[in-house]
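J.:
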Amino acid sequence: MAGRLVELEVENFRSLRKVSLPLGPVNVLVGPNGAGKTNVLRVFDFLADIVRTDLGPALEDRGGFDELVFRGGEPRPDHIRIGLKGHWSVAETSGSPLDVYRLRINGSPPAREEIFHLSRAGGWRNRIEVSGERAASSQYGADEVISDDESERRTAVMEVGIQPFSTGLSTLPRLSENFGGREVVALADFLTTFRVFDVYVHRARMPSRVSRSGYEAIADDASNLARFLLTLRSTDEEAWERLQADAVEVLPQLEALDFDYPSGGARSVVVVLRERGLREPTSLLDASYGTIRLLGLLAMLYDPSPPALTCVEEIDHGLHPQALEILVERVREASDRTQFIIATHSPALADRLKPEELIVCERAEDGSSVIPAVSTAQVEKIVRASEGMPLGELWFSGALGGDL
2 MAGRLVELEV ENFRSLRKVS LPLGPVNVLV GPNGAGKTNV LRVFDFLADI VRTDLGPALE
62 DRGGFDELVF RGGEPRPDHI RIGLKGHWSV AETSGSPLDV YRLRINGSPP AREEIFHLSR
122 AGGWRNRIEV SGERAASSQY GADEVISDDE SERRTAVMEV GIQPFSTGLS TLPRLSENFG
182 GREVVALADF LTTFRVFDVY VHRARMPSRV SRSGYEAIAD DASNLARFLL TLRSTDEEAW
242 ERLQADAVEV LPQLEALDFD YPSGGARSVV VVLRERGLRE PTSLLDASYG TIRLLGLLAM
302 LYDPSPPALT CVEEIDHGLH PQALEILVER VREASDRTQF IIATHSPALA DRLKPEELIV
362 CERAEDGSSV IPAVSTAQVE KIVRASEGMP LGELWFSGAL GGDL
């Protein structure tokens with residue numbers, strides 16, 4: 002897999018006043034509406050926009066600093082801070098120290114500060130500090146501990162000029178390898194390729210133009226569902242057969258998935274369902290909402306080349322509770338290729354999770370989000386005390402918090 006996050010730290014971003022969130026391969030956020038689950042996903046969307054357009058436009062698109070900063074309590078916070086820890090550098094090896102990225106945005110006067118700690122080849126680490134109109138890069142050994150405020154380095158510092166409100170995320174990828182540009186590119190690519198997957202049923206049921214490239218990634222809204230599935234059948238027969246078997250197991254009348262070419266000449270393709278008891282196949286144009294959502298989710302889970310991070314809101318929406326068993330199993334399998342952050346209100350889905358996969362979210366009296374509201378160790382302790390009650394039941398009962 003291209004990268005993996007192990008921790009997200011956020012201060013004063015919308016309802017995330019002070020959040021330190023450990024991240025594993027599968028992370029499922031549960032809790033009431035307004036608890037802050039969507040704001041966790043918005044952090045990554047904000048960082049991706051910073052890479053694409055820089056900090057100023059990313060703030061403006063969200064109404065400016067005042068609209069983005071936490072609005073509870075007095076006095077109003079004067080900064081937003083976002084921190085990432087994980088493994089994303091191109092020189093990453095087993096046992097390497099964590100890569101680190103920290104961004105601080107000040108409201109008045111507008112300013113930003115950034116710190117990068119990145120692994121490099123040969124056992125070296127890069128420390129890049131961006132402040133004011135200066136970006137400075139230095140190297141240190143992987144076994145050295147370098148604090149953020151330490152000024153003396155063992156190697157000469159390389160400096161470049163930078164616009165006072167531009168970020169290293171958006172500008173440093175253009176710099177030399179010696180400065181650390183290649184390692185910043187790895188983080189920038191990680192962030193810009195992340196996806197929020199949400200099946201747009203109306204588009205997913207429609208015919209797709211047939212691909213001639215031999216490669217197809219599923220679109221973020223599954224609008225190319227037919228084309229993706231057709232390509233998967235021709236390029237990865239094993240994955241296609243497994244996907245089809247999952248669909249047959251979950252959809253009681255389904256015998257097989259097939260394809261039709263409504264415009265002739267194989268210019269466009271539509272998925273059809275071969276169902277028991279029916280003389281003719283059912284086009285996806287006439288299939289149910291839940292059937293299309295299920296096929297879209299399975300397509301995402303069998304995507305052979307997904308982005309490093311995949312976010313899904315309300316993954317259970319429109320699905321029969323018994324379909325969630327297969328869905329959770331496939332999410333775990335796919336987490337070898339992409340890291341998941343998933344939001345749900347479904348106790349039936351939570352029933353099928355492990356304690357380390359469940360993240361309970363709550364809202365405090367001051368309007369701030371408490372995420373996680375209970376640690377993995379506490380969840381495990383509560384499960385043992387309950388003599389093995391499923392997590393969904395414990396959450397729904399209020400034993401884990403995150404209830405109304």
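Heads up: take any position in the sequence shown, counting from 1, add 1, and you land on my numbering. The beta carbon of each residue, even a glycine, is placed where N, CA and C say it ideally should be.
1. Go to Lys86, then tell me how far its beta strand (DSSP E) extends in each direction, as first and last residue.
2. Which residues bound the alpha helix (DSSP H) around Phe397?
3. Taking DSSP as the reference, what is the three-state secondary structure of Glu134?
4. For Arg206, count neighbouring C-beta atoms within 10 Å of its own C-beta (all shown protein chains included) and say buried if the count is 16 or more, exposed if not.
5. Quick one: any contact between the segment 277-296 and the segment 165-175, if contact means 3 or more CB pairs under 8 Å?
6. What span of residues does the beta strand (DSSP E) with Ser120 cover, start to end?
7. How should Lys38 be labelled, buried or exposed, when 16 other C-beta atoms within 10 angstroms of its C-beta is the threshold for buried?
8. Using 10 angstroms around the beta-carbon of Asn34, count the other beta-carbons present and answer buried if the total reaches 16, otherwise exposed.
9. Should the segment 389-404 be regarded as contacting the segment 65-81, the criterion being three or more beta carbon pairs within less than 8 Å?
10. Give the secondary structure of Leu320 by DSSP, where H, G and I count as helix, E and B as strand, and everything else as coil.
11. Using a Cβ-Cβ cutoff of less than 8 Å, which residues in the same chain neighbour Asp1 once the five nearest sequence positions on both sides are dropped?
12. DSSP three-state label for Tyr102, please.
13. Under 8 Å, do Arg338 and Val200 count as touching if we go by C-beta distance?
14. The beta strand (DSSP E) with Pro23 in it runs from where to where?
15. I think Ala374 touches Glu366, with their Cβ atoms under 8 Å apart; what is that distance to the nearest whole Å?
16. For Glu256, which option in Leu244, Pro391, Pro263, Ser264 has the closest C-alpha, if you only look at C-alpha atoms?
17. So, at 6 Å on beta carbons, what are the nonlocal neighbours of Leu30 in its own chain, with the 5 sequence-adjacent residues on each side left out?
18. Below 8 Å on the Cβ atoms is my contact criterion, and I expect Trp125 with Ala187 to pass it. Report the Cβ-Cβ distance as a whole number of Å.
19. By how many angstroms is the C-alpha of Cys312 removed from the C-alpha of Asp67?
20. Report back the beta-carbon spacing between Leu85 and Leu9 to the nearest angstrom; my notes put them in contact at under 8 Å.
21. With which residues is Asp261 paired in a DSSP beta bridge?
22. From Leu392 to Ala386, what distance separates their C-alpha atoms?
23. How close, in whole Å, do the beta carbons of Val270 and Val211 come, if the pair is a contact with beta carbons under 8 Å?
24. Provide the residue span of the alpha helix (DSSP H) that contains Gln164, from first to last.
25. Strictly by DSSP, which residues pair up with Ile342?
26. With DSSP as the reference, label Arg228 as helix, strand or coil.
27. Go ahead and pull the three-state DSSP assignment for Thr283.
28. Along the chain, where does the alpha helix (DSSP H) containing Asn40 start, and where does it finish?
29. Could you name the residues of the same chain whose beta carbon sits closer than 6 Å to that of Pro307, not counting the 5 residues immediately before and after it, in chain order?
30. Does the beta carbon of Ser90 come closer than 8 Å to any beta carbon on chain C?
31. Per DSSP, which residues does Tyr303 bridge with? Please list them.
32. Look up Gln254 in the DSSP assignment and say whether it is helix, strand or coil.
33. Going by alpha carbons, who is nearest to Ile342 out of Glu357, Gly57, Ser235?
34. Starting from Glu381, trace the alpha helix (DSSP H) both ways and give me its first and last residue.
T.: Considering the structure as presented:
1. Element bounds for Lys86: 80-88.
2. Phe397 -> alpha helix (DSSP H) spans 392-398.
3. DSSP places Glu134 in coil when its eight states are reduced to three.
4. That one is buried.
5. Per the Cβ contact rule, the segment 277-296 is not in contact with the segment 165-175 (fewer than 3 Cβ pairs under 8 Å).
6. For Ser120, the enclosing beta strand (DSSP E) stretches over residues 112-120.
7. Around the beta carbon of Lys38, 16 or more other beta carbons lie within 10 angstroms, which makes this residue buried.
8. Asn34 sits exposed, since fewer than 16 C-beta atoms from the chains shown fall within 10 Å of its C-beta.
9. Cβ pair count under 8 Å is below three, so no.
10. In the structure shown, Leu320 sits in coil (DSSP, three-state: anything other than H, G, I, E or B).
11. One cannot answer for residue 1 here, as it falls past the ends of the chain, which runs 2 to 405.
12. In this structure, Tyr102 counts as strand in the three-state DSSP scheme.
13. In this structure, Arg338 lies away from Val200, with their beta-carbon atoms at least 8 Å apart.
14. That run of the beta strand (DSSP E) goes 17-23.
15. The pair is not a contact, with the Cβ atoms about 13 Å apart (cut-off 8 Å).
16. Nearest C-alpha to Glu256: Leu244.
17. When the five nearest sequence neighbours on each side are left out, the beta carbons in the same chain lying within less than 6 Å of the beta carbon of Leu30 are those of Lys38, Ala344, Ile360, Cys362, in order along the chain.
18. Contact flag wrong, Cβ pair sits at about 15 Å.
19. Using only the alpha carbons, I get a separation of about 26 Å.
20. Here Leu85 really is in contact with Leu9; their C-beta atoms are around 6 Å apart, less than 8 Å.
21. Beta-bridge partners assigned by DSSP to Asp261: Val271.
22. CA-CA distance, Leu392 to Ala386, rounds to 12 Å.
23. Rounded, the Cβ-Cβ distance is 5 Å, consistent with contact.
24. Note, Gln164: premise wrong, no alpha helix (DSSP H); not H, not E.
25. Per DSSP, Asn28, Cys312.
26. Correct three-state label for Arg228: helix.
27. Correct three-state label for Thr283: strand.
28. Asn40 -> alpha helix (DSSP H) spans 38-54.
29. Cβ within range, chain order: Arg338, Thr339.
30. Although the question refers to chain C, the structure presented lacks it and comprises just one protein chain.
31. BP columns for Tyr303 are empty, so no partner.
32. Correct three-state label for Gln254: coil.
33. Checking every option, the nearest Cα to that of Ile342 belongs to Glu357.
34. In this chain, the alpha helix (DSSP H) harbouring Glu381 covers 377-386.
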